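Student: The structure follows.
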Amino acid sequence: MDDNLSFLDAGFLETEDSDPHASLTIGALAIMEGPCPGQGEFRDTVAARLATLPHTRDRIRTVPLDFSAPSWSADPHFDLGHHLRRVALPESGEQAQLFDLVARVMALRLDRDHPLWECWVVEGLTSDRWAVLTKIHHCMADGITGTKLFEAMCDEVEADTGIATPPAVDASGELAPTLTRRPDSVESLVRSAIDLLSPTRQLRLISATMSIPRRLTTAGLGVAEGLTRLLSEMLTSSTDTSLIGPIGRQRRYCGVRVRMCDVREICTTYRVTVNDVALAAITNGLRKLLSSRGERPEPHTVRTLVPVSVRSSTEEGVIHNRISLMLPFLPVDIEDPVEQLVAVHDRLTTHKASKEAEGGKAFTAAAQYGPFMPMAWVVRLATRFPQRSVVAVATNVPGPKTTRHVMGRTILEIFPYVPIALRLRIGIAILSYADHLAFGLTGDYDTTPDLTDLSVSIEQGILMLLAAARAADAPSE
């Protein structure tokens, strides 16, 4: 198996390195019914279920000056205790306190001297509940595979796949360390430099670089046009707004959930998708947020980064990022919620037809064949310029369709987490679980004190669409 990170995976590391205020980790907060298990019991269960997953025992190995792509290397001192944390909420145990904890934990960068994931057990919730917060670096997984990693802890996956075969343990009860030697940075640099300067390697690099335009062209004229449009949108500024600008290191986080049956009722009435409804609700929320700040919502105010899964049927078992993106403007200038929904649906349909996502996929695929060093430097240079195009990120990930359990305890609800960086002050993750659709909102601490107001407006947006749908379906007298 190739242990090098893909160009897209490595791009998340480069972006984090370029933005000192960013922590590019994705996550999920699962709230469980009690009682909370002991730490030893939880450790043994998580160890058995996670140890067989790719890269959970590997750390990142980088080469100075980006002579070659980062790679995964077995951590010779792997200690599960470094990744399993336990904390208790204050006595009241309210949901707001839980969300504050999520914001603090997710704002902290993962230690790159160790595998890039953590799992937090949170005690002390009201009504005899507890929670699990999983935290994974974006270079390790996208939202789709991040959800699968989370599901690996569930009892149902163990029953279906037998994934919980216990790994080897040492005398202390910890996982037996892998004794693979990790080359130090000097040795890696020398080896990479020798390889890079060899005539054979030079010829391969030249050939690979020259093949990039050909690979983009052979992907199809429509795909090339989609890539051109995508790059043009990335370079075109949005209308000035307080939603974009410098961010700090601290975060705010909150969540809201709605009934999936209500969302499906809206979908049926207006013949749209769940993603259309979610983005329309977000449009309603951002419009109200701008208005409350004394700003006028205009047609080109909120360009939103919408990640799109480009995972093929043959890549279902691949853990790494398989995503592209679209950059639609949300219709915050429209007041009527149904008209917002129709506009969202039409715009997403147009973006899909223009093959923007396919263009982005073709570019990252072609970049795999070029030399890593100049690619990495271009990414690093680009991220140092203040971007003024994308105002927010909204990602929708399908979660488990049925109720899941961990150690016999029912998962009551799941809230997703998406990071922010590069002047994006708000990120919204959407996750379906059983009969609910949850929105997890991430905000910059200093510039989004009204993040909770945004979550309330998103919920209101769903309720207004539901009321309109039922009125439209009601028989006329």
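Residue numbers (full-length UniProt numbering): 1 to 477. Ideal placement from N, C-alpha and C gives every residue a C-beta, glycine not left out. Being a predicted model, the structure only gives us computed values, none of them experimental.
1) So, with DSSP's three-state summary, where would you put R404?
2) Give me, in chain order, the residues of the same chain whose beta-carbon lies closer than 8 Å to that of G245; leave out the 5 immediate sequence neighbours on both sides.
3) Beta carbon of V342, beta carbon of T283: below 9 Å?
4) Determine the extent of the beta strand (DSSP E) in which S457 is found, giving its start and end residues.
5) Please name the residue in T410, L348, V46 and L227 whose C-alpha comes closest to that of T56.
6) Name the DSSP bridge partner or partners of R86?
7) Please state the DSSP three-state secondary structure of M140.
8) Could you spell out the range, first to last residue, of the beta strand (DSSP E) harbouring A74?
9) Buried or exposed, going by whether 16 or more other CB atoms sit within 10 Å of the CB of L463?
10) Roughly how far, in whole angstroms, is the beta-carbon of R60 from the beta-carbon of R112, given that I think they are within contact range, below 8 Å?
11) Buried or exposed: which applies to T349, given that a residue is buried once 16 or more other Cβ atoms fall within 10 Å of its Cβ?
12) If we call anything under 9 Å between Cβ atoms a contact, is V302 one with L325?
13) DSSP has R43 in a bridge; who is on the other side?
14) Tell me which residue opens and which closes the alpha helix (DSSP H) that S18 is part of.
15) Please classify W377 as buried or exposed, where buried requires at least 16 other C-beta atoms within 10 Å of its C-beta.
16) T402 and A434 - do their beta-carbons sit closer together than 9 Å?
17) Straight-line CA distance for T304 to S238?
18) Using beta-carbon positions only, say whether G121 and C254 come within less than 9 Å of one another.
19) Could you check which residue in N396, L465, S71 and G461 has the C-alpha nearest to that of T147?
20) Just to confirm the assignment, what range does the beta strand (DSSP E) spanning S238 have?
21) Looking at Q340: is its Cβ nearer than 9 Å to the Cβ of R287?
22) Put D333 into one of helix, strand or coil per three-state DSSP.
23) What is the rounded straight-line gap between the Cα of A474 and the Cα of A280?
24) Contact check, A469 vs E265 under 8 Å by CB: the rounded distance?
25) Taking DSSP as the reference, what is the three-state secondary structure of K355?
26) Classify M106 as helix, strand or coil using the three-state DSSP reduction.
27) On the DSSP letters alone, give me the boundaries of the alpha helix (DSSP H) that S92 sits inside.
28) Would you verify that the beta carbon of R43 is, or is not, closer than 9 Å to some beta carbon of chain D?
29) So, do the region 84 to 95 and the region 61 to 70 have three or more beta carbon pairs nearer to each other than 8 Å?
30) List the residues that DSSP assigns as beta-bridge partners of G27.
31) Helix, strand or coil: how does DSSP classify D3 here?
Tutor: The short version:
1) coil
2) R423, R425 and T447
3) No, the pair does not count as a contact, with Cβ atoms beyond the cut-off.
4) First-last for S457: L451 to D473, but that is the alpha helix (DSSP H), not the beta strand (DSSP E).
5) When C-alpha distances from T56 are compared across T410, L348, V46 and L227, the shortest belongs to V46.
6) Per DSSP, V121.
7) coil
8) S71 to A74
9) exposed
10) Before going on, a small fix: residue 60 reads as Ile here, not Arg. Rounded, the Cβ-Cβ distance is 5 Å, consistent with contact.
11) exposed
12) no
13) According to DSSP, which records beta bridges pairwise, R43 is partnered with nothing at all.
14) F7 to S18
15) exposed
16) Inclusion of A434 and T402 in the CB contact set at 9 Å is warranted, their separation being smaller than that value.
17) 10 Å
18) Correcting the residue identity first, residue 121 is Val in this sequence and not Gly. No.
19) N396
20) First-last for S238: undefined, no H or E at that position.
21) yes
22) coil
23) So the two alpha carbons sit approximately 22 Å from each other.
24) Contact holds; Cβ gap of about 6 Å.
25) coil
26) helix
27) Careful: S92 lies outside any alpha helix (DSSP H) and carries neither H nor E.
28) Protein chain content of the structure displayed is limited to a single chain, and chain D is not contained in it.
29) With the cut-off at 8 Å, the region 84 to 95 and the region 61 to 70 do not touch.
30) Paired residue(s): K135 and Y417.
31) coil
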